[in-house]
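A.B. asks: Quick one: the structure is below, and I'll ask about it shortly.
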Amino acid sequence: MSSPKTIGNKAPVLDYKSAGSLLNPLKNLQFLGRKAITEPLQPRLASLNYRGFHLNDWEACVGCASCQKICDNAAITMVEIPGLKNDPVKGIRNHRPAIDYGRCCWCALCVDICPSASLSLSREYVHTCDQEHIDSYFILPDPNGMHKKHFGQGWQKTEHSDLLSLTRSAMAELEPANRDTNFNEIVHGFTPEQAVVEASRCIQCGMCHDSCPTHMHAPEYIRAIWNGDVEEAVRQIYRTNPFAHVCGRVCTRRCETACSVGIRGEPIAIRWLKRYAMDQVSHDRIKQIVKEDGKPKASGHKVAIIGAGPAGLTAAFDLIRSGHKVDVFEALPHAGGMTRYGIPDYRLPFDTLQQDIDVITSLGVKIHYNCRIGTDKTMAQLQKKYDAVVLAIGLSKGRQTRIPNSEHRHVYRAVDLLQKISSGEEFELPQSAVVIGGGNVAMDIARSLARLQKQQFGEVKITVTALEQQQHFMADPDEIKEALEEGIIIRDSCGPQGCEIDKSGKLIGLKTWKVVSIFDEEHRFSPRYDETEETIHAGDSVIEAIGQFADTTLLGEQLTEKLEWNRGRIKIDPNGRTSEPWLWSAGDCVSGPDVVHAVADGHRVAASIQQQLTIKTNKS
Amino acid sequence: MRPENYQAVNHPPSHEYELNFGPNHPGIEGNYALKVKLQGDIVIEARADGGYLHRGFEKLMENRLWIQNIALVPRICVPDPVPMEVCYSLAVEDLDDIKVPERAQWLRVLQLELSRIAAHLFTFGGHAATTGMYTPMYWGVTDRDLILDLFEELTGGRVYSIYNLPGGVRQDMPEGFLQRVTQTMDYIDGRLKDYDNLFFTNQIFIRRSKGVGVINQQQALEWGVTGPNLRACGLAFDVRRDDSYLIYDQLDFDIPTEDAGDAWARTLVRRMELVESIRIVRQVVQALPDIKGPVRTPIPNPLAWRVKAGDSYTRVESSKGELAYYIVSNGEEKPYRVHIRGPSSMHAVQVLEKLSVGCRLEDVAQTMFSLDACPPEVDR
Amino acid sequence: MNSAQSQSLNVLLQEIEGIQLTHQNQRRLRADISADALPALLALLRGRAGYVHLSAISCVDWIEDDQFELVYHLWSYETSILISAHIRVARDPGIYLSVFDIYTPAAFFERDIHEMFGLYFEGSPDMSKFILTEWDGPPPMRKDFDSEQWVMDNFTWQDYHPDWLKQIEQQGGGVVKSADSSRKSS
Amino acid sequence: MKSTDLDRIEVNPKTMPKRTNPLANVFDDLVRFCRSRSMFMLHYCTGCGAIELPPAMTSRFDMERLGIQPMVTPRQADILLITGYVSIKTLKRVILTYEQMGSPKYVIGICSCTVNGGMYWQSYATAKKLDEYMPVDLYIAGCMPRPEAVIEGLQQLMDKIKNDQANSWKQYYENYDYYLGNQQKLFGNNWQTPTDVIGEAEIYRLMGPQTLGEHTKILQQVQKPMEPLEMKL
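Protein chains in written order, with the numbering used here: chain X, 338 to 957; chain A, 2 to 381; chain E, 599 to 784; chain H, 378 to 610.
As structure tokens, then:
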């Protein structure tokens, strides 16, 4: 064995070898006169970031249970407290953490992960009890402290200690310059690496699931994406939503509003993750996954569905998988309803929509195109031939402002124009246009026209006017941002007062007054204007995008008479059934314009029909 | 008190008898036992008996998320918990290629060195008590408490700081903290001469400890002795310098050594290390205000964090010697295997067993304290 | 260390048959060898390369491969390179050779591995239990031993029922059983 | 435990003779007051919490001003302070220690681990609830409790002793079967200690209906007389 070297120098300290007088210890007798260092019996105040007993701000806490998940020691139990705010849509549960001090180690990881920053630790640290009061070790932290006395704030979350990742994983999208002359899809979707990073941000609180109208299993498919198992993700998605491609692109995503991570940061990009999962799996494989449950036993019942939009086709998807025969009647040459004719190609490419529809038709759903009920067939015929009929006709007609001169032929409804654009029909492209409305439809038409104008005239001349202030627009903030990037002018707080027409009868613009307030004291719609601030927005056409209504003429007079109505809409029970026992109604025509609501409606109606038909089967 | 695994046999010869030295014995450090066979009061055979503090850390860590383990690791060595945290964090950073901001590295060094001072002060106390001197124990424990006050201010916890995360430290230091560190260091610096008078140059201590539990350099290397105990045999080896981590290579400090290799030399090396640690702390205090930047590199959401597959053997110098973590990750949310190589696993078992033989019974306790053996670290 | 030392170390290690060297970083060298060649490697390192310090022996239970991985961490005070020698040993019957005759500290680590993993080391001076003297279950560090399940089978937990909980239960609330049960079903 | 037959032990508790002297109560109060002012704490570091005891015992927090001092042997100690987790191996020693302490004796469990397993709730090596194995007078919360909290707890214990509320040691005799059962569950049916708990219960007149039961029967069957032993090295 080689001997190791002795390296390094010795520290210069006292020479202990020679020292060591017996008298040395006596030098310390000097301490006799010194002040004692003993602390008083009263416990000291702990330091400013001491990790003492828990505090929880109940107002801020949303009951997401991430503290429970990160707890080392399974010390945290969620307790449901009736009487607290419980709003799944806003992402608030009436659950609050209770902590077992027989487990807790005061590591404060729960504080550092808390998405709402409601949990913190105090400077209190003394608690004793005897065997009979051992229950006092299980506490429900509130803002008042463990013994109803506040000892001051201890450990709190800071920007350094925050454990959540609050910013989204970046995703590539088309630059404005590359997109304003074409209808190519703007966002590219996540790459696998980006998707896994984004999925890893999820804390699995399930708020998204609760807030989703159709209760999609978002935590599960996000977890599956994180695990790299996209097929499992698709399986989870199809548990509740056959319009997965569509919802992966154009969903109103209430889930992201409810997302706990979004309280202080950017919510998880749940919509894009869904899209990622759907894009990763091949179309044929998706069809296989959907059919994994096996072929159902034929029930012998037949169901007719009017309208091949998301609601109708979702109901068809459910019913065909329960073994019923399903016929869908569509007035137009393509399925998809508003998702086909209302949403421009750059947001939702037609072929991805077609994939969703293809999955549904591959199950055996028969869609009769160009078959308009009311003209080609009557409701009475359907009632006779089918065991149940679903009315999923959507909102196909645009509302009108009825302002002066709005009957001019250059005043259009946005839905009509959008339908023309997406079906490739010829129409007179306005050189300059003024859009009334601040919703997504207004943005869709404005941006579609902008693209066409850029293509044809090389410049964009579109003004969007709306009653609301820009930050309160109904439209998606992303849409507004992108519209501005594409050269669209947005004028907010503008109340339309009339279309301006010159002597030759040509439309020259829209007159608006400045909006002072939109709602009155009782929150009813009653806009008030400042008449002195009048603006004329120049444009050779005006487009109204202020909402849609359903075209119920197909019902026929007799049935219209028979049905019960509720403020212009067909009256339905919570399951979507109308006053006629054979007729159900679903989708935008009952719950307003939203894809994911329509899907939820479709499921609800299908379940109700299934229940009804089972009763019928059992009877016979 | 008799453990029930005793077996009834004949009486041993009357001049030889055995003694259970621990687990509940005032001379033992922590909850640990030595079974010694005595002839008169000379130990002729000794067997260590551990496991009284066994918690199965390595198993527990396999069942917990990477982040959750940071609350667990300091508990492995109770008197000196900080190196445990830092070593675990370093190992995970090594596995996952996380770069630690410079400010965090300096803060870690500050914390490590304060912890070393605290641990050494505590050990003196114990060693003094085993030689019958209780005042150094009172002093040592009380002065250590001043450092715990600093920890409380910096980290929010007195003993278990749970201050290090993979990626850095959890919070920046509070305002005016460095002044208080300087004050405390000045105070402890000034106290050292009192300790010298009372303890290190005390004839009682010198006569009791000189020549007790002698290890020569050859034996030390053979038996796997590390840390101050190795340096007390004349080998100037220190992980901080020779397998450098954090920013120790930017610091100016010496590695004190002694040649005697006995209990006295070991304690003296620690006494000299106090000076070095105070020196390091002073350097950190001077440098820290100029080092700006974040204190932590963000890690992914800890609830869904996979550390890259691989293995890492990471060492740090704890107050007791070489501390190492061998962590194997198979790319999952939890470690696949964590092996903790505590310095005391050598010192408290094989070395102590060998050194006890030939000692007088009263010196066994002293030997153990001079080796600074830490039972929870042996048992894990 | 300098490159000459590193060179000579590499040359020296090539004497061992079937050795695979990976430089993980400047101070970490990973050596994968067969179990048969390990004693020769250790003897070589100890005798001719100045590797006097056995830092640790770690055992990893690769249950899916039905193997134990033993890792010998060796340190030289001269070259300042830590060599980790990795070998694989079959899980069943779980017998390997002791390296006590080359490195004394091995005795502790082998004893520890024996009680924690059940891997027996032939020639080790003491294979009796040290920590788990009162334990008669399976070697706990094996992957097939489920610690949490064992705890659930053998222990009970506090059954807290404080006043505030009683009040909440009267109002219709109470402890949420599992995180998922709180979610709405579709 | 001495080898006795079950039959010999009277199962019914003897009633304490009624005190007629009015001064007796005053005398009892005085005894309890003095008892609370002079306690010896057994110095047995079972777990992490022990690290906060040296500060509590020494100059800075100074528990000696409460009249509490560490004591090294169980025979002379009044307080058994369980400082955190008890591994199963330690628990045996803790029970042996507890039984050897002279009555009245007080048990304090500090840290989370003594209450519900604490950090080590998943560990195969530690006992989870101390009160299953011995009655506990006081718990002090914390992981670990600061010295101030320990001192506060000790003061509370003093108050309880003074007010005659700290009588957990009686429970051990009265419910011996329960405690023994839990011990047997953990250590196996061969478990026995050198202390004759049942005999002591008889002497203290604390034989309750729960003192004897199925578990003590097992003990009777398996216990061997204690003999001089040799340690195997």
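Backbone N, C-alpha and C define an ideal beta-carbon position, used for all residues, glycine too.
1) Does the beta carbon of asparagine 230 of chain A sit closer than 9 Å to a beta carbon anywhere in chain X?
2) Does any residue of chain H bring its CB to less than 9 Å from the CB of lysine 321 of chain A?
3) Less than 9 Å between CB atoms is the rule here; does phenylalanine 785 of chain E satisfy it with respect to chain A?
4) Taking valine 933 of chain X as the reference, which of X:Ala570, X:Thr676, X:Met508 and X:Ile740 has the closest Cα?
5) With 16 as the cutoff for other CB atoms within 10 Å, does tryptophan 546 of chain H come out buried or exposed?
6) For a cutoff of 9 Å on Cβ pairs, would you count tyrosine 474 of chain X as touching chain E?
7) Using a Cβ-Cβ cut-off of 9 Å, state whether proline 429 of chain A counts as contacting chain X.
8) Among X:Thr577, X:Val587 and X:Ala751, which residue has its Cα nearest to the Cα of isoleucine 523 of chain X?
9) Rank H:Ile517, H:Lys505, H:Lys539 and H:Pro522 by C-alpha distance to the C-alpha of aspartate 751 of chain E and give the top, closest one.
10) For a cutoff of 9 Å on Cβ pairs, would you count histidine 464 of chain X as touching chain H?
11) Can you tell me whether glutamine 834 of chain X is helix, strand or coil according to DSSP?
12) Measuring only the C-alpha atoms, how far is glutamine 618 of chain E from threonine 132 of chain A?
13) Thinking glutamine 560 of chain H and tyrosine 510 of chain H are a contact (beta carbons under 8 Å), I'd like their distance in whole angstroms, please.
14) Along chain H, in chain order, which residues have C-beta atoms closer than 9 Å to that of aspartate 437 of chain X?
15) Under the rule that 16 or more other beta-carbon atoms within 10 Å means buried, what is serine 779 of chain E, buried or exposed?
16) Would you report the Cα separation of leucine 700 of chain X and arginine 516 of chain X, rounded to the nearest angstrom?
17) Whose CA, out of X:Gln948, X:Met544 and X:Cys539, lies closest to the CA of tryptophan 306 of chain A?
18) Do we get a CB-CB distance below 9 Å when we pair glutamate 509 of chain H with the residues of chain C?
19) Measuring straight from C-alpha to C-alpha, what distance separates glycine 971 of chain X and glycine 679 of chain X?
20) Is there a C-beta anywhere in chain X that falls below 9 Å from the one on threonine 136 of chain A?
21) Which first and last residues belong to the beta strand (DSSP E) in which valine 339 of chain A is found?
22) Cysteine 657 of chain E bridges to which residues according to DSSP?
23) On the DSSP letters alone, give me the boundaries of the alpha helix (DSSP H) that arginine 591 of chain X sits inside.
24) Which term fits valine 727 of chain X, buried or exposed, when burial requires 16 or more other beta carbons within 10 angstroms of its beta carbon?
25) Please classify threonine 474 of chain H: is it buried, with 16 or more other beta-carbons within 10 angstroms of its beta-carbon, or exposed?
26) List, in order along the chain, the chain E residues whose C-beta lies closer than 9 Å to that of leucine 446 of chain X?
27) Isoleucine 528 of chain H lies in the alpha helix (DSSP H); which residues open and close that run?
28) Which residues bound the alpha helix (DSSP H) around glycine 558 of chain H?
29) If the cut is a Cβ gap below 9 Å, which residues of chain H does glutamine 618 of chain E touch?
30) So, does the CB of glycine 772 of chain E fall closer than 9 Å to a CB anywhere in chain X?
31) Which one of X:Arg608, X:Arg572 and X:Ala652 has the shortest CA to CA distance from valine 627 of chain X?
32) Taking only beta-carbon atoms, is serine 604 of chain E less than 9 Å away from chain X?
33) Could you name the residues of chain A that leucine 680 of chain E contacts, counting a contact when the two beta carbons are closer than 8 Å?
34) Jot down the residue ranges of each uninterrupted alpha helix (DSSP H) in the stretch 835–873 of chain X, minimum 4 residues, whole runs only, in chain order.
35) If we count Cβ pairs, one from each stretch, closer than 8 Å, do we get three or more for the stretch 378–396 of chain X versus the stretch 533–546 of chain H?
36) Kindly list the residues whose CB is nearer than 6 Å to the CB of valine 285 of chain A, restricted to its own chain and excluding five residues on each side of it in sequence; keep chain order.
C.D. replies: Well, looking at it:
1) For the purposes of this step, residue 230 of chain A is identified with residue 229 of the second sequence, where counting begins at 1. No, asparagine 230 of chain A does not count as interfacial toward chain X.
2) Residue 321 of chain A sits at position 320 when you count from the first residue of the second sequence. Cβ-Cβ to chain H under 9 Å: no for lysine 321 of chain A.
3) Outside the modelled stretch of chain E, which goes from 599 to 784, sits residue 785 of chain E, for which no answer is possible.
4) Translated into the one-based positions of the first sequence, residue 933 of chain X becomes position 596. For the set X:Ala570, X:Thr676, X:Met508 and X:Ile740, the Cα lying nearest the Cα of valine 933 of chain X is the one of X:Thr676.
5) For the purposes of this step, residue 546 of chain H is taken as residue 169 along the fourth sequence, with counting starting at 1. So tryptophan 546 of chain H counts as buried.
6) Position 137 of the first sequence holds residue 474 of chain X. Taking Cβ atoms only, chain E reaches closer than 9 Å to tyrosine 474 of chain X, which makes this a yes.
7) The structure shown has nothing for residue 429 of chain A, since chain A only spans 2 to 381.
8) Position 186 of the first sequence, counted from the first residue, corresponds to residue 523 of chain X. For isoleucine 523 of chain X, the nearest C-alpha among the options comes from X:Val587.
9) Looking up residue 751 of chain E in the third sequence gives position 153. Relative to aspartate 751 of chain E, the option among H:Ile517, H:Lys505, H:Lys539 and H:Pro522 whose CA is nearest is H:Lys505.
10) The residue you call residue 464 of chain X lines up with position 127 of the first sequence. So, interface residue.
11) For the purposes of this step, residue 834 of chain X is identified with residue 497 of the first sequence, where counting begins at 1. For glutamine 834 of chain X, the secondary structure class from DSSP, reduced to helix, strand or coil, is strand.
12) By 1-based counting over the third sequence, the position of residue 618 of chain E is 20. By 1-based counting over the second sequence, the position of residue 132 of chain A is 131. Glutamine 618 of chain E and threonine 132 of chain A: Cα-Cα distance of roughly 53 Å.
13) For this step, residue 560 of chain H is matched to residue 183 along the fourth sequence. For this step, residue 510 of chain H is matched to residue 133 along the fourth sequence. Contact between glutamine 560 of chain H and tyrosine 510 of chain H holds: their C-beta atoms lie close to 6 Å from each other, under 8 Å.
14) Translated into positions along the first sequence, residue 437 of chain X becomes position 100. Result: Ser489, Val492 and Asn493.
15) Translated into positions along the third sequence, residue 779 of chain E becomes position 181. Note on serine 779 of chain E: pLDDT 49, under 50, position unreliable in the model; no value is reported.
16) Locating residue 700 of chain X in the first sequence gives position 363, where the first residue counts as 1. Locating residue 516 of chain X in the first sequence gives position 179, where the first residue counts as 1. One C-alpha to the other measures close to 36 Å.
17) On the second sequence, residue 306 of chain A is found 305 positions in, with the first residue counted as 1. The option with the nearest alpha carbon to tryptophan 306 of chain A is X:Cys539.
18) No chain C is present in this structure, whose protein chains are X, A, E and H.
19) What the structure shows of chain X is the stretch from 338 to 957, and residue 971 of chain X is not part of that stretch, so it cannot be assessed.
20) Translated into positions along the second sequence, residue 136 of chain A becomes position 135. Taking Cβ atoms only, chain X reaches closer than 9 Å to threonine 136 of chain A, which makes this a yes.
21) Along the second sequence, one-based indexing puts residue 339 of chain A at 338. Segment 338–342, the beta strand (DSSP E) holding valine 339 of chain A.
22) The count along the third sequence starts at 1 and reaches residue 657 of chain E at position 59. Looking at the DSSP output, cysteine 657 of chain E sits in a beta bridge with E:Leu668.
23) Position 254 of the first sequence, counted from the start, is the residue given in the question as residue 591 of chain X. 591–595 is the extent of the alpha helix (DSSP H) around arginine 591 of chain X.
24) The residue labelled residue 727 of chain X in the question sits at position 390 within the first sequence. It counts as buried.
25) By 1-based counting over the fourth sequence, the position of residue 474 of chain H is 97. Result: buried.
26) The residue labelled residue 446 of chain X in the question sits at position 109 within the first sequence. None at all; the shortest Cβ gap to chain E is about 17 Å.
27) Residue mapping note: residue 528 of chain H aligns to position 151 of the fourth sequence, counting from 1. Membership of isoleucine 528 of chain H in the alpha helix (DSSP H) is indicated by the continuous run 524–539.
28) Here residue 558 of chain H refers to the residue found at position 181 when the fourth sequence is read from its first residue. 553–564 is the extent of the alpha helix (DSSP H) around glycine 558 of chain H.
29) As a first step, residue 618 of chain E must be located in the third sequence, where it is residue number 20. Going along chain H, no residue has its Cβ under 9 Å from glutamine 618 of chain E, so there is no contact; the nearest lies around 37 Å.
30) Position 174 of the third sequence, counted from the first residue, corresponds to residue 772 of chain E. With its beta carbon less than 9 Å from one in chain X, glycine 772 of chain E belongs to the interface.
31) What you label residue 627 of chain X is simply residue 290 of the first sequence in a count that begins at 1. It is X:Arg572 whose Cα lies nearest to the Cα of valine 627 of chain X.
32) Indexing the third sequence from 1 puts residue 604 of chain E at position 6. Answer no: the Cβ-Cβ gap between serine 604 of chain E and chain X never drops below 9 Å.
33) The residue you call residue 680 of chain E lines up with position 82 of the third sequence. Correct list: Asp244, Tyr314 and Arg316.
34) none
35) no
36) Indexing the second sequence from 1 puts residue 285 of chain A at position 284. Contacts found: Trp107, Val110 and Leu111.
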